[in-house]
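Below: the structure, in structure tokens.
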Amino acid sequence: MNKTLKTILILVAVTAVGYFVYKQFTSGPAEATAKTGGPIAQKVSVDAYVVSPTAYQNKITTTGTVIPNEDVELRSEIAGRVTGINFEEGSRVRQGQLLLTVNDAEMRAQLQKLESNRKLYEDMEKRQRTLLEKEYISEQEYDQVSNQLATATADIQALKASLAKAYVRAPFDGVIGLRQVSEGSYVSATTPIARLVDISPVKIDFAIPGRYSQEVHEGDQITFTVEGSPETYQAKVYAIQPNIDPTTRTLQVRALFDNKNEEVRPGAFVKVSITLKDVDDAILIPTEAIIPEATGHKVFLVKGGKAVPQMVKIGQRSETMIQIMEGITPGDTLIQAGILQVRPGSDLSIRKVKTAEEAL
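In the UniProt record's numbering, the protein residues as written are 1 to 360.
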């Protein structure tokens with residue numbers, strides 16, 4: 001009997017505990033809601049930033065490439081066997097300097113023959129002119145010899161032009177690269193001989209956003225740095241593409257750097273900076289306040305203790321600040337930190353407020 005009673009008491013206790021737990025998981029939230037009149041909204045802790053106009057030196061920062069002032073791949077204009085190489089790889093050459101000779105023996109022999117014929121026609125022309133002056137021959141007979149002399153002279157000029165093509169000369173001052181042919185090899189008009197580049201000065205090619213096309217002009221100074229070097233160099237804009245690229249919406253710009261010491265090599269990657277006009281009342285906000293979206297950029301404003309999304313149009317940026325062109329005005333307060341937990345309409349708890357003077 002005592003054993004049966006103990007069993008009954010244990011079952012009652014287990015049932016009571018189970019019921020209590022059940023009520024906690026089912027009735028608890030509803031009762032809490034009924035007592036408080038609704039769920040308690042938890043505030044999101046954030047840091048805020050007060051927008052104010054700031055003096056700003058507007059700059060464009062972009063990337064570019066160093067290209068030679070002049071660049072050509074040397075080739076022979078005629079086909080033939082190389083009979084002479086007159087340059088050292090990596091050496092500096094002058095405009096007009098003979099670099100390579102293609103076999104010219106046959107053309108020289110032809111030239112010698114033509115010059116002998118011309119000498120013969122010159123002598124004949126002199127005799128015929130004397131006879132014509134004495135009226136011993138007709139004008140027609142004299143013209144025949146005169147035409148033969150003119151033809152011989154033209155043939156010589158044509159052959160000399162062809163003979164000149166057997167000599168590859170430097171088209172400009174520069175540094176010659178690695179040789180691609182050897183003496184005795186056969187070359188044609190498609191055979192590369194070597195590359196000749198002028199690297200003093202060099203050109204800096206870069207692109208800027210199209211919206212700044214009216215603010216960059218020929219003669220403007222730029223600064224640039226070369227990847228792998230701590231030096232900062234200055235160059236001058238000398239040419240601007242007349243049209244904005246419709247695909248990238250950028251404008252191509254080219255600057256010239258004297259490169260007297262030849263320390264900047266063509267092909268190098270560079271970071272370019274152009275200083276535009278100063279802005280006295282720029283709107284600058286911390287970069288972490290910007291939220292990129294598919295349709296643009298937005299920030300969260302603080303209004304009535306709640307988060308309100310606002311689309312903005314951005315301008316230039318530095319490492320810590322970004323310029324806002326449209327969307328917010330001086331006096332607006334926006335969320336700077338803690339933004340990941342914020343949703344439209346979130347109740348906010350402001351931990352700290354910064355101003356533009358503190359951020360810069």
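We put the CB at the ideal spot given by N, CA and C, even for glycine.
Straight across, the Cα-Cα distance linking residue 224 with residue 307 is about 41 Å.
Residue environment for residue 219: exposed (fewer than 16 other C-beta atoms within 10 angstroms of its C-beta). In its chain, beyond the 5 residues on either side, 264, 268 and 270 have a beta carbon closer than 7 Å to the beta carbon of residue 226. For residue 200, the closest alpha carbon among the candidates 248, 258 and 235 is that of 258.
When rounded, the separation of the alpha-carbon atoms in residue 348 and residue 337 is 12 Å. Residue 74 sits away from residue 175, with the two beta carbons spaced by 8 Å or more. Beta-bridge annotation (DSSP): residue 317 is paired with 322. Residue range 139 to 164 is occupied by the alpha helix (DSSP H) that includes residue 154. With distances taken between CA atoms, residue 236 lies nearest to 222 out of 287, 222 and 243.
Per DSSP, the unbroken beta strand (DSSP E) holding residue 56 starts and ends at 53 to 74. Selection 312, 110 and 58 evaluated against residue 163 yields 110 as nearest (Cα-Cα). Taking 4 residues as the minimum length, the alpha helix (DSSP H) runs contained wholly in the stretch 100 to 134 are 105 to 133, in order along the chain.
For residue 87, no beta strand (DSSP E) run applies, since DSSP gives it neither H nor E.
Residue pairing of residue 297 in beta bridges, as defined by DSSP: 292 and 312.
Shortest Cα-Cα distance from residue 233 to any of 63, 157, 276 and 272 involves 272. Note on residue 136: under 16 other CB atoms within 10 angstroms of its CB, so exposed under the neighbour-count rule.
For residue 290 against residue 322, the beta-carbon gap comes to about 6 Å, under 8 Å, which counts as contact. The alpha-carbon of residue 318 is positioned some 22 Å away from that of residue 331. Counting along the chain, no beta strand (DSSP E) covers residue 136, and no H or E run does either. Taking residue 177 as the centre and dropping the five residues before and after it, the same chain places the C-beta of 194 and 195 closer than 6 Å to its C-beta, in chain order. Contact between residue 125 and residue 146 holds: their C-beta atoms lie close to 6 Å from each other, under 8 Å. Going by DSSP, residue 42 is part of no beta strand (DSSP E) at all; its letter is neither H nor E. Between residue 159 and residue 72, the alpha-carbon positions lie close to 26 Å from each other. Assignment of beta-bridge partners to residue 286 by DSSP yields 321. DSSP places residue 169 inside the beta strand (DSSP E), whose first and last residues are 167 to 169.
Ranking 251, 315, 301 and 274 by CA distance to the CA of residue 282 puts 315 first.
Straight through space, the alpha carbons of residue 300 and residue 50 are spaced by roughly 12 Å. The alpha carbon of residue 90 has as its nearest neighbour, out of 326, 173, 84 and 212, the alpha carbon of 173. Contact annotation, residue 58 with residue 203: C-beta distance approximately 25 Å; criterion of less than 8 Å not satisfied.
DSSP, reduced to helix, strand and coil, places residue 356 within a helical segment of the structure shown. The Cβ atoms of residue 208 and residue 256 do not sit closer than 8 Å to each other. Rounded to the nearest whole angstrom, the CA to CA distance from residue 62 to residue 215 is 15 Å. Residue 254 is bridged by DSSP to 205 and 239.
The secondary-structure analysis by DSSP pairs residue 307 across a beta bridge with 302. Cβ-Cβ distances below 7 Å link residue 213 to 244 and 251 in the same chain, with the five nearest sequence neighbours on each side left out; the list follows chain order.
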